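Since the structure comes first, as structure tokens, the remarks are kept for the end.
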Amino acid sequence: MDACKIDNFFRYFNKEDAITEEINKRKMIKIKSETHQDSFWMLRISIIFFKINGLATFAHHIVTRRKRPLCAFYYSKFGIIYNAVLSCLIIASNYLSIPFILTVQYENKSNLTVTLEVLQAILGSLVICAILLFYCIDQKSLVRIVNQLMDVEHEMDRLYLLYRPLRRQRIFYAVTIVCVLKICLLILLLTTETLAFHVGPVAWLTDILPSLYVDWLLIQYFLLVTIIQADFADVNQAIESLTEVDTPNLQPQSFYQTRRIIFNNSTVCQLLQLRDMHYHLCEISKDVSDFYSLPVLFGVTFLFVTLIFNGYYLLAPALMITGDSLEFKILSNTIIWLIFLIYPISILTNRITKTLNEIGKTGKIIHSLLRCTISKESKSELKQFSLQLLHHKVQFTAKGYFALDNSFLHSLIGTVATYLVILMQFQMGSSSKPHCNCTKKDK
């Protein structure tokens, strides 16, 4: 009789566990579904926004896979025509902006500042047109990249049971915060520009429009790199989960003892899937780097010139070159300009550095598994994985001229400071010549 009661008790206990597990599973599926819908709509909004700016020349339509909506991207001629019209409008805007630069009066105006502003206006127009035309010419590469990313997202939802459903939502929340901060900086910049110089939209065509356009290009790059980083983090988490066991080893281990891991056939199969996923992510990363190399090179060149101009305008009064001091409105506008220019470069280089660190983390995980695994088959597959990592070095560069990591931001600031010193010395030397000629004439 007691044995039957005990048996019924354990049956009831196991039934309760099964019901609880089923409820938790349904909740997780519901959270995943809601999160996927939110991320899907945020993705569509970002696509529409970049289309308006000419940074998404492709077309897209909605397909359903396993009762889930997904975006499929394809080649579009309308996007090419739209970018060509934008390029013509940008070129035509120079007929308004350049005469305005030559006639407008502002504090501390000199021949050098006028030359820098004209150069900035022409270079800005050329950079925007080059980026727009590049998106037309290399549209197929961008279509291939975004379709591959969508396939990777679908595969991760299908393969990994330990997939974090909130990760993609956090991605788009982070991008939303980045865009909101950029818009706040833009509003603040326009406000201070109007208060300090009393200029209108025509003046904004020379510097604010090209800078803003390059900034959205870098933010789009930031978005794709953020998604890639999250995918690598998911792969690393899945690889680490292969070593988890249900019963922890409570026996104390000495310094020279390490735990041993035995992979079964299903675990080895999952490891192969993860290895293929990591390979595809590395190939996508290389494609993203190749696609954005030339536009980023053009954009960073323009931001470099703009940084020099605003840095010169900020430091010239401090070194008594012009003899006047900046008003608070002009000073605040110049500082906001510098923040406005540095902001997209800093977030992009920081995100790329985190992505490269995440890729490097995979090698450390595989190396630790090699030390702990016992079976020959699993060791062989892990060695193949290690060789794959060795031969796939991912780098994000601007046509190989410089790497887009945190070291680039440090080098950029140092280079801008060097050119500012040269400009200061040039201006001080040119301003001292009239004074010397006057003294000679008096004698």
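Numbering (our numbering), first residue to last: 365 to 807.
Even glycine gets a Cβ: it sits at the ideal position worked out from N, Cα and C.
All figures in this text were calculated on a predicted structure; none of them were measured in a lab.
Could you compute how far the alpha carbon of V660 sits from the alpha carbon of L751? On the sequence shown, residue 660 is found 296 positions in, with the first residue counted as 1. On the sequence shown, residue 751 is found 387 positions in, with the first residue counted as 1. Rounded to whole angstroms, V660 to L751 spans 31 Å at the Cα level.
Between which two residues does the alpha helix (DSSP H) carrying V449 extend? Numbered from 1 along the sequence shown, position 85 holds the residue referred to as residue 449. Start and end: K441 to T467.
Grouping DSSP H, G and I as helix and E and B as strand, with all else coil, what is F437? Here the question's residue 437 lines up with position 73 in the sequence shown. Three-state DSSP puts F437 in a strand.
Determine contact between the region 591-604 and the region 638-649, defined as no fewer than three beta-carbon pairs at a distance below 8 Å. The region 591-604 vs the region 638-649: in contact.
CA nearest to the CA of L720, picked from V478, L753, T737 and S739: The residue given as residue 720 occupies position 356 in the sequence shown. L720 has its Cα closest to that of L753, out of V478, L753, T737 and S739.
For I699 and S771, the rounded distance between their alpha carbons: The sequence position of residue 771 within the sequence shown is 407, counting from 1. The sequence position of residue 699 within the sequence shown is 335, counting from 1. Going by the C-alpha atoms only, they are around 23 Å apart.
My assumption, with CB atoms under 8 Å, is that L667 sits in contact with L705. Please give the rounded CB distance. Counting from 1 along the sequence shown, the entry for residue 667 is found at position 303. Counting from 1 along the sequence shown, the entry for residue 705 is found at position 341. With a Cβ gap of about 5 Å, L667 and L705 count as contacting.
Enclosing alpha helix (DSSP H) for L496 [first to last residue]: Sequence index remark: in the sequence shown, residue 496 carries index 132 (1-based). L496: member of the alpha helix (DSSP H) spanning N475 to I501, first to last residue.
My output table needs one value for A538: the three-state DSSP class, helix, strand or coil. Counting from one through the sequence shown, the residue named residue 538 turns up at place 174. Assignment of A538 by DSSP, reduced to helix, strand and coil, places it in the helix class.
Could you check whether the region 449-462 touches the region 492-503, counting it as contact only if at least three pairs of C-beta atoms, one from each stretch, sit closer than 8 Å? The region 449-462 vs the region 492-503: in contact.
Let me know the secondary structure DSSP gives A767 once reduced to three states. As a position in the sequence shown, residue 767 is number 403, starting the count at 1. Looking at A767 - three-state DSSP - the assignment turns out to be strand.
Using a Cβ distance threshold of 8 Å, determine whether the region 544-563 contacts the region 407-416, with at least three qualifying pairs required. Taking 8 Å as the limit for Cβ pairs, the verdict is that the region 407-416 does not touch the region 544-563.
What residue range is occupied by the uninterrupted alpha helix (DSSP H) comprising M567? Stepping through the sequence shown from its first residue, residue 567 is reached at position 203. It is worth fixing the name first, because residue 567 is Ala in this sequence and not Met. P565 to W568 is the extent of the alpha helix (DSSP H) around A567.
Quick one: give me the first and last residue of the alpha helix (DSSP H) that Y585 is part of. The residue you call residue 585 lines up with position 221 of the sequence shown. If you look at Y585, you'll find it in the alpha helix (DSSP H) that goes I572 to S605.
Using three-state DSSP, classify T782 as helix, strand or coil. As a first step, residue 782 must be located in the sequence shown, where it is residue number 418. It is helical.
Within the chosen definition, does the region 754-762 reach the region 645-657 through at least 3 CB pairs nearer than 8 Å? Yes: the two stretches touch, three or more of their Cβ pairs being nearer than 8 Å.
Which term fits A781, buried or exposed, when burial requires 16 or more other beta carbons within 10 angstroms of its beta carbon? Indexing the sequence shown from 1 puts residue 781 at position 417. With fewer than 16 other Cβ atoms within 10 Å, it is exposed.
CA-to-CA distance, T726 to F790, given in whole angstroms: Taking the first residue of the sequence shown as position 1, residue 790 is located at position 426. Taking the first residue of the sequence shown as position 1, residue 726 is located at position 362. Their backbone Cα atoms lie some 51 Å apart in a straight line.
Between which two residues does the alpha helix (DSSP H) containing E722 stretch? Within the sequence shown, the letter at position 358 stands for residue 722. Start and end: F692 to C736.
Compare the beta carbon distance of F655 and D502 with 8 Å and say whether it is the shorter of the two. The residue given as residue 655 occupies position 291 in the sequence shown. The residue given as residue 502 occupies position 138 in the sequence shown. Yes, the pair counts as a contact, with Cβ atoms nearer than the cut-off.
Let me know if V774 comes out buried or exposed under the rule of 16 or more other beta-carbons within 10 Å of its beta-carbon. Here residue 774 corresponds to residue number 410 of the sequence shown, with the count starting at 1. The sequence shown places His at residue 774, rather than the Val named in the question. Under a 10 Å Cβ-count criterion, H774 is classified as exposed, with fewer than 16 other Cβ atoms of the shown protein chains found around its own Cβ.
Measuring straight from C-alpha to C-alpha, what distance separates G764 and T479? Here the question's residue 764 lines up with position 400 in the sequence shown. Here the question's residue 479 lines up with position 115 in the sequence shown. Distance between the alpha carbons of G764 and T479: 30 Å.
Whose C-beta lies closer than 6 Å to the C-beta of Y470 among residues of the same chain, with five residues either side of it excluded? Indexing the sequence shown from 1 puts residue 470 at position 106. Residues of the same chain with a CB within less than 6 Å of the CB of Y470, apart from the 5 flanking positions on each side, are F561 in chain order.
Please identify the residue among V669, L487 and Q634 whose C-alpha is closest to the C-alpha of L746. Residue mapping note: residue 746 aligns to position 382 of the sequence shown, counting from 1. Residue nearest to L746 within the set V669, L487 and Q634 is Q634 (criterion: CA-CA distance).
Could you spell out the range, first to last residue, of the alpha helix (DSSP H) harbouring F749? Mapped onto the sequence shown, residue 749 falls at position 385. For F749, the uninterrupted alpha helix (DSSP H) run begins and ends at K740 to L754, by DSSP.
Label S618 either buried or exposed according to how many other C-beta atoms from any shown protein chain fall within 10 Å of its C-beta, with 16 as the threshold for buried. For the purposes of this step, residue 618 is taken as residue 254 along the sequence shown, with counting starting at 1. A caution first: S618 carries a pLDDT of 40, below 50, which makes its placement in the model too unreliable to give a value.
According to DSSP, A680 sits in a beta bridge with which residue or residues? Position 316 of the sequence shown, counted from the first residue, corresponds to residue 680. A680 has no beta-bridge partner at all, per DSSP.
Quick one: is the Cβ of I706 within less than 7 Å of any heavy atom of the ligand NAP? You won't find the ligand NAP in this model; it holds no ligand whatsoever.
Report the residue from P574, T631 and I445 whose alpha carbon sits nearest the alpha carbon of L550. Taking the first residue of the sequence shown as 1, we reach residue 550 at position 186. For L550, the nearest C-alpha among the options comes from P574.
Residue(s) in a DSSP beta bridge with A560: The residue labelled residue 560 in the question sits at position 196 within the sequence shown. Paired residues: none, contrary to the question.
Report buried or exposed for I455, applying the criterion of at least 16 other Cβ atoms within 10 angstroms of its Cβ. If you number the sequence shown from 1, residue 455 lands on position 91. Under this definition I455 is an exposed residue.
Per DSSP, V427 forms a beta bridge with which residues? Within the sequence shown, the letter at position 63 stands for residue 427. In the DSSP assignment, V427 forms a beta bridge with L434.
Going by Cα to Cα distance, which pick from F437, T779, T737 and I709 is closest to D769? Residue mapping note: residue 769 aligns to position 405 of the sequence shown, counting from 1. Per the Cα distances, I709.
Residues bridged to T761 by DSSP? Numbered from 1 along the sequence shown, position 397 holds the residue referred to as residue 761. In DSSP, T761 forms a bridge with A767.
Any idea what DSSP makes of F422, helix, strand or coil? Taking the first residue of the sequence shown as 1, we reach residue 422 at position 58. Collapsing the DSSP output to three states places F422 in coil.
Does Y470 come out as helix, strand or coil in the three-state DSSP assignment? Residue numbering aside, residue 470 sits at position 106 when the sequence shown is read from its first letter. It is coil, neither helix nor strand.
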